[in-house]
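Note that the protein sequences, when read in sequence, are chains A and B. Going left to right, the first sequence walks through residues 43 to 153 as our numbering numbers them. Going left to right, the second sequence walks through residues 21 to 133 as our numbering numbers them. Encoded as structure tokens, the structure appears first; notes follow it.
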Amino acid sequence: EAQVTQNPRYLITVTGKKLTVTCSQNMNHEYMSWYRQDPGLGLRQIYYSMNVEVTDKGDVPEGYKVSRKEKRNFPLILESPSPNQTSLYFCASSDRGHEQYFGPGTRLTVT
Amino acid sequence: QQPVQSPQAVILREGEDAVINCSSSKALYSVHWYRQKHGEAPIFLMILLKGGEQKGHDKISASFNEKKQQSSLYLTASQLSYSGTYFCGTESMANFGNEKLTFGTGTRLTIIP
Numbered sequence: 043e044a045q046v047t048q049n050p051r052y053l054i055t056v057t058g059k060k061l062t063v064t065c066s067q068n069m070n071h072e073y074m075s076w077y078r079q080d081p082g083l084g085l086r087q088i089y090y091s092m093n094v095e096v097t098d099k100g101d102v103p104e105g106y107k108v109s110r111k112e113k114r115n116f117p118l119i120l121e122s123p124s125p126n127q128t129s130l131y132f133c134a135s136s137d138r139g140h141e142q143y144f145g146p147g148t149r150l151t152v153t
Numbered sequence: 021q022q023p024v025q026s027p028q029a030v031i032l033r034e035g036e037d038a039v040i041n042c043s044s045s046k047a048l049y050s051v052h053w054y055r056q057k058h059g060e061a062p063i064f065l066m067i068l069l070k071g072g073e074q075k076g077h078d079k080i081s082a083s084f085n086e087k088k089q090q091s092s093l094y095l096t097a098s099q100l101s102y103s104g105t106y107f108c109g110t111e112s113m114a115n116f117g118n119e120k121l122t123f124g125t126g127t128r129l130t131i132i133p
């Protein structure tokens, strides 16, 4: 089954404690992205990747890091989380010019 | 800068029609449309490419006016299953080729029996 998986689905953590949200896709897609979703603001892109070892900043990259060492994986790293990073996070993948497949989402709370 | 969607919210009775608009200040290559149910991931509806095309399937269709950098999503004879939040995602000409989408803030559609 074609899918994008994210882990964990829910996470409560404290300010400053480094965390990683994993994202994996099984469709051999070249393009992958991370979005955050906040009430009233829609989906805002954090980082995106066009292929292995090729990443670029989206619209709200501050406080986040990513890596793309393998085609299927695109982890999101928060080195020192802060409360303003409390949000719903989605990973997505696609081929050029085609629909984006979204993962199920990760709800992060930073206290 | 995020594209502007209008209206922000709309309530319809089952069987009525709706139009959701998406407007960008940038020259666009493509517009994507997605629907999201509460607590779920966005689901793809359609892509429209530069060229002013119109697409549709079933009772949902969309148009893309590249001169105005606007797209509209049309839902006819709405069904209860159409309820959700609709997002447009735009790919600007400046970002052509890198699949960088900028999403609007969404339009919440509620269908009542």
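All C-beta atoms, glycine included, are put in the ideal place defined by N, C-alpha and C.
Whose CA, out of the options, lies closest to the CA of residue i?
i	options	result
E60(B)	I88(A), T153(A), Y143(A), V152(A)	Y143(A)
F84(B)	G71(B), H77(B), T96(B)	G71(B)
M66(B)	F107(B), N118(B), S98(B)	F107(B)
L61(A)	D137(A), E141(A), T128(A)	T128(A)
R55(B)	L93(B), E36(B), G35(B), N115(B)	L93(B)
L121(B)	G84(A), T47(A), Q67(A)	G84(A)
T170(A)	P103(A), F116(A), D80(A), E72(A)	Residue 170(A) is absent from the structure shown; chain A starts at 43 and stops at 153.
Kindly list, in the order they appear in chain A, the residues whose Cβ is closer than 7 Å to that of residue i.
i	result
Q22(B)	G84
G126(B)	G84
A61(B)	F132, F144, G145, P146, G147
Using a C-beta to C-beta distance shorter than 9 Å, which residues of chain A count as neighbours of residue i?
i	result
E36(B)	Within chain A, no residue comes near E36(B); the closest Cβ sits about 25 Å away, beyond 9 Å.
F84(B)	Here the premise fails: no neighbours, minimum Cβ distance about 14 Å.
Answer yes or no: do residue i and residue j have a C-beta to C-beta separation smaller than 8 Å?
i	j	result
I63(B)	I132(B)	no
P125(A)	T153(A)	yes
L68(B)	S45(B)	no
List, in chain order, every chain B residue whose beta-carbon is nearer than 8 Å to that of residue i.
i	result
Y90(A)	N118, E119, K120
S136(A)	E119
E141(A)	H52, F64, I67
E100(A)	According to the sequence displayed, residue 100(A) carries Gly and not Glu. Near G100(A) (Cβ distances below 8 Å), the residues of chain B are K120.
Assign residue i to buried or exposed, taking buried as 16 or more other Cβ atoms, counted over all protein chains shown, within 10 Å of its Cβ.
i	result
A44(A)	exposed
M74(A)	buried
G104(B)	buried
E86(B)	buried
Y106(A)	buried
Who are the neighbours of residue i on chain B, taking C-beta pairs under 9 Å?
i	result
Q87(A)	K120, L121, T122, F123
Q45(A)	Within 9 Å Cβ-Cβ: nothing; Q45(A) doesn't reach chain B, min ~10 Å.
What residues in the stretch 53 to 74 of chain A bring their beta carbon closer than 7 Å to a beta carbon of chain B?
-> Taking 7 Å as the Cβ-Cβ cut-off against chain B, the residues of the stretch 53 to 74 of chain A that qualify are Y73.
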